[in-house]
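If you count the sequence shown from 1, position 17 lands on 465 in our numbering, and the numbers rise without skipping. Right, one structure below, let's go through it.
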Amino acid sequence: MKTSSNPFSGKKILIIGDVMLDSYIWGNVDRISPEAPVPIVAVEKRENRLGGAANVALNINALESIAVLAAVIGADDKAEIFANLLQEQNIPVNGLLNSAERKTTTKFRIIGNNVQMLRVDEETDTPLPDRLQHDFGDHVEKLLTREHFDAIVFEDYDKGVIDSTIIENVIAIANKRKVPVLVDPKKRNFMAYKSVTVFKPNLKELREALNADLPEDIGLLAAKCEEFRRMQDIRYLLLTLGERGMLLCHAENNQPGYFHIPSRVRNVADVSGAGDTVIAVAALALTLGATPSEMAVWSNMAAGIVCEYVGVVPVNKDRFLSLLNETSK
C-alpha cells in the first residue's frame, strides 16, 4: 500500500469490552517506614490514563479513525475521571453505561525511584447481574441500530461485562451486515466466540483454553491452530507469539494455510499494550479490504513501534504510515 494520505481516516470502529483506569503515583524513596519493613514513597506526581479496551480506542483514534466504546463502568468518582479522559481525546462517551452496582476498574501503580513497587486493583470482576446484562445488551444493540460501524472489536479482559448472550447477538447482527468482528479473548468466554472474522489470542491463552502443550515448531503449531480455527468457524486465527512475532492461520479460497510473521521490534523498551495495538490495526486493515497477510504484517509492524516506547502508548501515526509506504515499494 502506497499513499501520501491516511487511508484509515474516518473509519468507525465499535469496541465492546472491559475498560480500565490506569492510575500512577510517582515518587522518591529514601527511608523505610518505622511502622513496618516497607519503603515510604514521597509522592511527586499523580497521573490517570485510559486502559483496557480504552487503549484499543486510543490506537484507533491515533490513526484518525473514530472509536466508540461500549462498556459498563461504575457511578463513582473514577467513572467521572474516565469519561473526562475520553472527552479529552475526542472519544465519544455515549457508549458508556454507568451502574452503581459496579466499580470502575482501576489499577493503581506506585512507582518509587522509577521502579514499580506495588499495584493495587480496585474492580468488580464478577458477571453483570441479569438485569444489568440485559440493559447493556439493549444498549449495544441500539448503538448498532443508530450508527454504522466498519468493524466491531470485542476486547475481553474477564471483568464480567461480556457474556455469551451479547457475544452471540452482536456476531449475528454483524455477520448479517457483513461487518467484520475481531476478538481479543480471555479465558472465561474463550470458546464462546464462534464465526468471527479475526480471533487473536496469545500463546499462553490458547494453551490454557485447549489445556494442552503446544509445539514450538511453527508448522506443527499451525496445524494445531488450524484444528481450533475450523472447530470455532473462525476466518482468521492470529496468534501472537511475543518475540517470535505472529502466526496467521486461514483458509482463503477454501485452502487452509498459515503465515508466520517474525517480530519487527528493533529496540524493545516495553511490550505493555502491544496486543491492543495489534487488534486495533487489524480491524482498520480489514475495513480497507486488506489481504490476510497484509492485515497480519501491518498489525505486527504497529506492535513493533509501540514496543519501542516505555509504558502503554498508542501507535505513532506518522511512523506507522511511513513504514507502510516503505514496505509497499
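Beta carbons are placed, not taken as given, at the ideal position from N, Cα and C, and that holds for glycine. Computed from a predicted model, the values in this text were never measured in an experiment.
Assigned exposure category for residue i - 16 Cβ within 10 Å defines buried
| i | result |
| --- | --- |
| K450 | Unreliable positioning characterises K450 in this predicted model, as indicated by a pLDDT of 45, which lies under 50. The coordinate reading is nonetheless provided below. Exposed, because fewer than 16 other Cβ atoms sit within 10 Å of the Cβ of K450. |
| P649 | buried |
| M679 | exposed |
| A660 | exposed |
| A484 | exposed |
| I615 | buried |
| I521 | buried |
| A548 | exposed |
| D466 | buried |
Residue i (DSSP reduced to helix, strand or coil)
| i | result |
| --- | --- |
| F584 | helix |
| P487 | strand |
| Q537 | coil |
| K493 | strand |
| D724 | helix |
| R550 | coil |
| N476 | strand |
| E616 | helix |
| V609 | coil |
| E603 | strand |
| E570 | strand |
| V690 | Reading off the sequence shown, one finds Gly at residue 690, where the question assumed Val. G690: helix per DSSP, three-state reduction. |
| V754 | helix |
| V761 | coil |
| L576 | coil |
| D766 | helix |
| L736 | coil |
| G667 | helix |
Beta-carbon contacts of residue i that lie in its chain and below 8 angstroms, excluding the five residues immediately before and after
| i | result |
| --- | --- |
| G705 | C697, H698 and A699 |
| E512 | N454, F456, S457, G458 and K765 |
| R447 | No information on residue 447 is available, as it lies outside the stretch 449 to 777 that the chain covers here. |
| T613 | Q581 and G585 |
Any non-hydrogen atom of the ligand ZN within 7 angstroms of residue i CB
| i | result |
| --- | --- |
| D573 | In the structure shown, the ligand ZN is absent, as is every other ligand, since no ligand is present at all. |
Contact set for residue i: own chain, Cβ-Cβ below 6 angstroms, skip 5 residues either direction
| i | result |
| --- | --- |
| F556 | S471 and V568 |
| T554 | L469, S471, K526 and E570 |
| F584 | V520 and L545 |
| A731 | I461, A599, V601 and L630 |
| R497 | D470 |
Beta-bridge pairing of residue i - partner residues as DSSP gives them
| i | result |
| --- | --- |
| Y684 | V646 |
| Q564 | I559 |
| I463 | L517 and V601 |
| D470 | R497 and K555 |
| V631 | F602 and F647 |
| L696 | L686 and F707 |
Nearest-angstrom beta carbon gap, residue j and residue i [assumed within contact, 8 angstroms]
| i | j | result |
| --- | --- | --- |
| G723 | H708 | Contact flag wrong, Cβ pair sits at about 18 angstroms. |
| K635 | A657 | 7 angstroms |
| V588 | I464 | 6 angstroms |
| A517 | A501 | Inspection of the sequence shows that residue 517 is occupied by Leu rather than by Ala. Yes, they are in contact, since the Cβ atoms of L517 and A501 sit about 6 angstroms apart, within 8 angstroms. |
| A750 | T725 | 5 angstroms |
Same chain, Cβ closer than 7 angstroms to residue i, five either side skipped, listed in chain order
| i | result |
| --- | --- |
| W474 | E492, K493 and I559 |
| I753 | V763, N764, R767 and F768 |
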